[in-house]
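Peer 1: One structure coming up, written as structure tokens, with questions to follow.
See below:
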């Protein structure tokens, strides 16, 4: 079945460092891919998404490119801030009948950015 | 008020008691999901409602868990005879299911603690 694997945390960076959080997936067809973020004490929020191969999702300085050939959707940011400290979840939405209804989630990667 | 709301925000109960959690989805969203998030873990799918179709209950962990939804509005998740392992944050999400994109909007969650 469909699955999502993302790098384990916690990830600890200094402010202005470069961030990469790896995410790879297994799915049939062409799923939609998402990154969600959960800030401390808050609910899950959609950060960015991509719906087809080579699409790049971007928001708040974060980017992720849908790579069909490597089945990846790595999250990147060139210069992190303390306010980016949160847990980041990679997810996919399948396209076949029967699974185009729920998101398949990675386990989440905790990011801590120190000043 | 455009977001998904959940109540209560926190619930502490004794083992063996029943609890009822409520979710108000975004108006007009036909799909509604319940997830469970245990401490330090990813999201675990519980149940999915889509319009008048039969709900997908494949994620419910036991027959102590049940959920209802009235039309395309409020949903309640009921846990009977609660156990300590039921302690978690219960998240509700809603979405407009269109084509392949399934962007879900999350509520703030209900933190359930079973003593």
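Protein chains in written order, with my numbering: chain A, 6 to 120; chain B, 5 to 119.
Using N, Cα and C, we set each Cβ at its ideal position, and we do this for glycine too.
1. Flag this pair as touching only if the segment 105 to 118 of chain A and the segment 82 to 91 of chain A have three or more C-beta atom pairs under 8 Å; answer yes or no.
2. Use the C-beta contact count for residue 107 (chain A): other C-beta atoms within 10 angstroms, 16 or more gives buried, fewer gives exposed.
3. For the beta strand (DSSP E) that contains residue 61 (chain A), what are its first and last residues?
4. Along the segment 85 to 97 of chain B, what residues have a CB closer than 9 Å to any CB found in chain A?
5. For the candidate residues B:54, B:37, B:47, whose alpha-carbon lies nearest to that of residue 10 (chain B)?
6. Residue 107 (chain B) versus chain A: which residues are under 9 Å apart at the beta carbon?
7. Could you round the C-beta distance between residue 29 (chain A) and residue 10 (chain A) to whole angstroms and report it? I think they count as a contact, below 8 Å.
8. So residue 64 (chain B) and residue 51 (chain B) are supposed to be a Cβ contact under 8 Å. How far apart are they, rounded?
9. Can you tell which of B:77, B:88, B:85, B:94 has the C-alpha that lies nearest to the C-alpha of residue 33 (chain B)?
10. Within 8 Å (strictly less), CB to CB, does residue 55 (chain B) reach chain A?
11. Since residue 135 (chain A) and residue 97 (chain A) are thought to touch, with beta carbons under 8 Å apart, how far apart are those beta carbons, to the nearest angstrom?
12. In angstroms with no decimal places, state the Cα-to-Cα distance between residue 79 (chain B) and residue 73 (chain A).
13. In this structure, does DSSP put residue 118 (chain B) in helix, strand or coil?
14. Taking C-beta pairs closer than 9 Å, name the residues in chain B that residue 80 (chain A) reaches, listed in chain order.
15. Decide yes or no for the touch test of the segment 32 to 48 of chain A against the segment 15 to 27 of chain B: beta carbon pairs closer than 8 Å, at least 3 of them.
16. Can you find a C-beta in chain A that's less than 8 Å from the C-beta of residue 120 (chain B)?
17. So, does the CB of residue 69 (chain B) fall closer than 8 Å to a CB anywhere in chain A?
18. To the nearest angstrom, report how far apart residue 93 (chain B) and residue 115 (chain B) are at their CA atoms.
19. CA-CA distance, residue 59 (chain B) and residue 35 (chain B)?
20. For residue 119 (chain A) and residue 57 (chain B), I'd like the C-alpha separation in whole angstroms.
21. Whole-angstrom Cβ separation of residue 48 (chain A) and residue 111 (chain B), contact assumed at under 8 Å?
22. Output, in chain order, the set of chain A residues within a Cβ distance shorter than 8 Å of residue 46 (chain B).
23. With C-beta atoms as the reference, is residue 31 (chain A) less than 8 Å away from residue 59 (chain A)?
Peer 2: This is what the structure gives:
1. yes
2. buried
3. 61 to 64
4. 95, 97
5. B:37
6. 37, 39, 51, 54, 98
7. 5 Å
8. 6 Å
9. The option with the nearest alpha carbon to residue 33 (chain B) is B:77.
10. no
11. Residue 135 (chain A) is absent from the structure shown; chain A starts at 6 and stops at 120.
12. 37 Å
13. Assignment of residue 118 (chain B) by DSSP, reduced to helix, strand and coil, places it in the strand class.
14. Within chain B, no residue comes near residue 80 (chain A); the closest Cβ sits about 15 Å away, beyond 9 Å.
15. no
16. Residue 120 (chain B) lies beyond the stretch modelled for chain B, which goes from 5 to 119, so this question has no answer here.
17. no
18. 4 Å
19. 10 Å
20. Roughly 48 Å between the two C-alpha positions.
21. 6 Å
22. 94, 110, 111, 112, 113
23. no
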